[in-house]
Amino acid sequence: GSGLDPHISLENADLQTARVAKARNLSVEKVKELISASTDKPDFGIFGNAGVNVLRLNLALDDVKRVF
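For what it's worth, my numbering labels the leading residue of the sequence shown as -13, then goes sequentially.
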């Protein structure tokens, strides 16, 4: 592996939500929905922290129909 973590914390994703929504011309609510759908839970439900899979989120953002 490359050693790069494909995840960001939920807190970090939350801090970027408004900026991403504006850049993608989407509602904040839609971006939050996509973040939730792109979040991986802790391993076995108890080990580590939940994290947002950045690749999955970016692909979902690319696929969503834009709100004008």
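No residue lacks a Cβ here, since even glycine has one placed at the ideal position from N, Cα and C.
Check whether the Cβ atoms of residue -6 and residue 37 sit closer than 8 Å, and answer yes or no. yes
Determine, using beta carbons only, whether residue 43 and residue 10 come nearer to each other than 8 Å. no
Can you grab the Cα-Cα spacing for the pair residue 26 / residue -3, in whole Å? 14 Å
With burial defined as no fewer than 16 other Cβ atoms inside 10 Å of the residue's Cβ, what is the status of residue 1: buried or exposed? exposed
For residue 32 and residue 6, the rounded distance between their alpha carbons: 30 Å
Does DSSP classify residue 50 as helix, strand or coil? coil
Compute the distance between the beta-carbons of residue 20 and residue 50, then report whether it is under 8 Å. yes
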